[in-house]
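Engineer:
Residue numbers (this note's numbering), protein chains in the order written: chain Z, 378 to 627; chain F, 594 to 894.
This is the structure:
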């Protein structure tokens, strides 16, 4: 099957430090491709390259086979790349509905209209309602995001990524800082939507990773040290030495 | 009461009320940038003053212009200036944005101050104010203080309605998003620079309405109208009233202008007293005078 998103030889250098070095990976529709590795391995930088938040020093990014290297984050978003951030990056002083409306409206053609009333575009509200139902945030829909719990804020983060109806979902540690129960409900949510997107998932929670991932890529010091099926990665000596430690070396 | 003011009031107070109305329009336009979009500009008076200059330069020496033609011409010219200024300053962020708006405003000040066609430091007089003749049976005469007052009042209402409309539009939604979290707004697919530029042009054109009225009221324009003093004065009113609300500029402008007027009568050190009042409000009502109203409501609950 053709890749929805593909990275070829992505490299990012920050004056002296090579954060991401010659990384290639791809992800097809309906597949969850997890990227794991210890802190500082370059996972978040890789996500920032894929989402257009950062521009690569070299290498290419392809969406549906078309080279889109150098596109900024707003262009990448319009090309169908939705993302959630590791550090919650939403609109704290707005309500959940307002957060979601903004994301939904980004797909419309009327965002520049400054004399029409938001009420004359009810389709935005309808889409927002659907998204909030999916991530189970209807009950707090009218609350300000700053009043929500950390777990709920992480759900809003995912809701914003879903609301733009993306082809590719980039999820940067969606479980960061969540309790066990909240983690389970997010994993269940991701299971329920996995067939609709190509998902690239960065996550430290190994239970979640092995429950969700179809493909695994392991990063260390900016480079890829192993890539393949989860069961192969589990038994790889190199990966065990570099990252997984004793827990997995029976 | 505002409608009947000219009926019972002395000439001086009608003029003073008109001055407040003009400032409300100007401060509201600045609030569109500072309060609604999160763009703190220290050069907004550039659009206020240049609008007056456009009128002064367009006015023929011996006849009066049609009010609406003159007003539209001023707004369009200032809109173009706003697009040019905005295209430059919006490439910067935060403190650099403040500095570059200040710099462009001051450049315009010295340009008008030091060139002959703009009348130098004395400015230009407008001898024949623009007027409007309704099919020959009614004449709007802007040298008549009551006529002028009503025009200003109508324009204030229209401007406030327009800003309310903008903030409830899909565009206003994006503008709020940019204020709260521009990075995320970009990541959602919005080309935020375009939205900020459109907002900047709208704000400059609304400022043009106020500058136009100010020039008509006193029949003169001078470089002081575009200087950073005027910009800072308006910014103070935005903050005093409470940024990011429709009523904030109305409260802030009225309060500050009344306070200044009272202190001016009382003492020659009026600026010191005004400063103290502004500092006190900033200290005790961080959300401005609008916040005062809301905090009362909340404590009642």
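Cβ atoms here follow ideal geometry from the backbone N, Cα and C, with glycine treated the same way. Note that this is a predicted model, so its numbers are computed, not measured.
I want to see whether chain Z comes within less than 8 Å of residue 767 of chain F, judged by CB atoms only; does it?
Structural biologist: yes
Engineer: What residues in its chain sit with their C-beta under 6 Å from that of residue 607 of chain F, if we drop five residues either side in the sequence?
Structural biologist: 599, 738 and 742
Engineer: Taking 8 Å as the threshold (beta carbon to beta carbon), is residue 782 of chain F in contact with chain Z?
Structural biologist: yes
Engineer: Would you say residue 625 of chain Z faces chain F, with C-beta separation under 8 Å as the test?
Structural biologist: Since pLDDT at residue 625 of chain Z reaches only 47, below the 50 mark, its modelled position is unreliable, and no value is offered.
Engineer: Buried or exposed for residue 489 of chain Z, going by 16 or more other Cβ atoms inside 10 Å?
Structural biologist: exposed
Engineer: Evaluate residue 383 of chain Z with the Cβ neighbour count: other Cβ atoms within 10 Å of its Cβ, from every protein chain shown; 16 or more gives buried, anything less gives exposed.
Structural biologist: The residue in question, residue 383 of chain Z, is buried, as its Cβ has 16 or more Cβ neighbours within 10 Å.
Engineer: Examine chain Z for any beta-carbon lying closer than 8 Å to the beta-carbon of residue 759 of chain F, and answer yes or no.
Structural biologist: yes
Engineer: If I'm right that residue 595 of chain Z touches residue 436 of chain Z with Cβ under 8 Å, what's the distance once you round it to whole angstroms?
Structural biologist: With a beta-carbon spacing of about 19 Å, residue 595 of chain Z and residue 436 of chain Z fall beyond the 8 Å limit used to define contacts.
Engineer: Skipping 5 residues on each side, what residues in its chain have a beta carbon closer than 6 Å to that of residue 717 of chain F?
Structural biologist: Closer than 6 Å at Cβ, skipping near neighbours: 649 and 814.
Engineer: For residue 388 of chain Z, would you say it is in contact with chain F, using Cβ-to-Cβ distances shorter than 8 Å as the test?
Structural biologist: no
Engineer: If you measure from the beta carbon of residue 776 of chain F to each beta carbon in chain Z, is any gap under 8 Å?
Structural biologist: Interface criterion met: the Cβ of residue 776 of chain F is under 8 Å from a Cβ in chain Z.
Engineer: Assess contact between the region 689 to 696 of chain F and the region 625 to 634 of chain F, defined as three or more Cβ pairs (one per stretch) separated by less than 8 Å. Is contact present?
Structural biologist: yes
Engineer: Identify every residue that forms a DSSP beta bridge with residue 552 of chain F.
Structural biologist: There is simply no residue 552 of chain F to check, as chain F begins at 594 and stops at 894 in what is shown.
Engineer: Which stretch, first to last residue, makes up the alpha helix (DSSP H) that contains residue 667 of chain F?
Structural biologist: 660 to 682 is the span of the alpha helix (DSSP H), which, as asked, contains residue 667 of chain F.
Engineer: By Cβ distance below 8 Å, which residues in the same chain neighbour residue 466 of chain Z in space, the five residues on each side in sequence not counted?
Structural biologist: 534
Engineer: Excluding sequence positions up to five away, which residues of its chain have a Cβ less than 7 Å from the Cβ of residue 629 of chain Z?
Structural biologist: With chain Z covering 378 to 627 only, the question about residue 629 of chain Z has no answer from this structure.
Engineer: When the cut-off is 8 Å and only beta carbons count, does residue 763 of chain F lie next to chain Z?
Structural biologist: yes
Engineer: I'd like to know whether the C-beta atoms of residue 616 of chain F and residue 830 of chain F end up nearer to each other than 8 Å.
Structural biologist: yes
Engineer: List the residues of chain Z whose Cβ lies closer than 7 Å to the Cβ of residue 770 of chain F, in chain order.
Structural biologist: 468 and 479
Engineer: Can we say the region 487 to 505 of chain Z touches the region 756 to 767 of chain F, given the rule of at least three CB pairs closer than 8 Å?
Structural biologist: yes
Engineer: Does the Cβ of residue 851 of chain F have 16 or more other Cβ atoms within 10 Å, making it buried, or fewer, making it exposed?
Structural biologist: exposed
Engineer: Give the range of the beta strand (DSSP E) segment to which residue 396 of chain Z is assigned.
Structural biologist: Annotation for residue 396 of chain Z: the continuous beta strand (DSSP E) segment containing it runs 394 to 405.
Engineer: So, residue 401 of chain Z versus residue 600 of chain Z, is the Cβ gap smaller than 8 Å?
Structural biologist: No.
Engineer: My output table needs one value for residue 544 of chain Z: the three-state DSSP class, helix, strand or coil.
Structural biologist: coil
Engineer: Quick one: Cα of residue 562 of chain Z to Cα of residue 614 of chain Z, how far?
Structural biologist: 32 Å
Engineer: List the residues of chain F whose Cβ lies closer than 9 Å to the Cβ of residue 574 of chain Z, in chain order.
Structural biologist: Chain F residues near residue 574 of chain Z: none, gap ~16 Å exceeds 9 Å.
Engineer: Rounded to the nearest angstrom, what separates residue 380 of chain Z and residue 604 of chain Z at their Cα positions?
Structural biologist: 16 Å
Engineer: For residue 795 of chain F and chain Z, any beta-carbon pair shorter than 8 Å?
Structural biologist: yes
Engineer: Using 10 angstroms around the beta-carbon of residue 515 of chain Z, count the other beta-carbons present and answer buried if the total reaches 16, otherwise exposed.
Structural biologist: exposed
Engineer: Taking a contact to mean a Cβ-Cβ separation below 8 Å, would you say residue 356 of chain Z touches residue 442 of chain Z in this structure?
Structural biologist: There is no way to answer for residue 356 of chain Z, as the model of chain Z reaches only from 378 to 627.
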